[in-house]
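Student: The structure follows.
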Amino acid sequence: MSAAEALVRAPVVAPVLDTAAAARATLVNEARAALLESSTAVTIAQLAAATNRSDHAGRRWATRKRDAGRLVLVQLHDGTLLVPTIQLDEAFDLNEQVADRTERLVEWGMGPWAIWDWWHTPNAWLLDGQSPADAVRAGDFDALDRAIDGLIQ
Numbered sequence: 000m001s002a003a004e005a006l007v008r009a010p011v012v013a014p015v016l017d018t019a020a021a022a023r024a025t026l027v028n029e030a031r032a033a034l035l036e037s038s039t040a041v042t043i044a045q046l047a048a049a050t051n052r053s054d055h056a057g058r059r060w061a062t063r064k065r066d067a068g069r070l071v072l073v074q075l076h077d078g079t080l081l082v083p084t085i086q087l088d089e090a091f092d093l094n095e096q097v098a099d100r101t102e103r104l105v106e107w108g109m110g111p112w113a114i115w116d117w118w119h120t121p122n123a124w125l126l127d128g129q130s131p132a133d134a135v136r137a138g139d140f141d142a143l144d145r146a147i148d149g150l151i152q
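So for the sequence shown, numbering that gives the first Met the number 0 puts the first residue at 0; every next one is plus one.
Dropping the structure here:
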């Protein structure tokens, strides 16, 4: 029997819908949509404008920090890069204390979307259901370290 004949005689198998995978994808998409609507990120162009840089210089700065593991950039399907603002100080420069913690999350293997979500999700390791972003705003970096330790252990 030839290969072509074997293909013709092969039984047709109905596709199996993996409902758990579909549910996970829905949750991921809902979380990403909430982040995009949260106004907790800026584009590279907005970052460049806020720091009096050209778009090219802003992109170079951000990618250098990203490549060093100190900054996460979230890429949208159209190629737009977003910078979650929790990583920036009031002057839109890198917040070094946050960068230290971001570096740990990157080294642990978390991706940009997951890290952005982690910063803004209530965390059981923090008091009163605070998010890690709340701990940053309060200047409680010891609590933030405990939350990261709890995550990666």
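Just so it is clear, CB atoms sit at the ideal spot from N, CA and C, and this is done for glycine as well. Being a predicted model, the structure only gives us computed values, none of them experimental.
Taking the alpha-carbon positions, what's the Asp148 to Glu89 distance?
Tutor: On the sequence shown, position 149 is the one that residue 148 refers to. On the sequence shown, position 90 is the one that residue 89 refers to. If you take the alpha carbons of Asp148 and Glu89, they lie about 27 Å apart.
Student: Can you give me the Cβ contacts of Gln152 inside the same chain, cut-off strictly under 6 Å, excluding the 5 residues immediately before and after it?
Tutor: As a first step, residue 152 is located in the sequence shown; it is residue number 153 there, counting from the start. Closer than 6 Å at the Cβ level, and outside the excluded window around Gln152, lies no residue.
Student: Residues bridged to Ala40 by DSSP?
Tutor: Taking the first residue of the sequence shown as 1, we reach residue 40 at position 41. Answer is Pro83.
Student: Would Val73 be called buried (16 or more neighbouring beta carbons within 10 Å of its own) or exposed?
Tutor: Along the sequence shown, read from residue 1 onward, the residue named residue 73 stands at position 74. Burial call: buried.
Student: Just the Cα atoms here: how many angstroms apart are Gly128 and His76?
Tutor: Walking along the sequence shown from the start, residue 128 turns up at place 129. Walking along the sequence shown from the start, residue 76 turns up at place 77. Spanning the two alpha carbons is a distance of roughly 32 Å.
Student: Assign Gly138 to buried or exposed, taking buried as 16 or more other Cβ atoms, counted over all protein chains shown, within 10 Å of its Cβ.
Tutor: Reading the sequence shown from its first residue, position 139 is the one you call residue 138. Classification of Gly138: exposed, given that the 10 Å Cβ count is below 16.
Student: Name the residue from Ala13, Asp133, Leu81 and Val71 whose alpha carbon lies nearest to the alpha carbon of Ser38.
Tutor: On the sequence shown, position 39 is the one that residue 38 refers to. When only C-alpha atoms are compared, the closest one is Leu81.
Student: Quick one: what's got a C-beta closer than 7 Å to Arg100's C-beta in the same chain, skipping five residues either side?
Tutor: Reading the sequence shown from its first residue, position 101 is the one you call residue 100. Only Leu143 and Ile147 meet the Cβ criterion.
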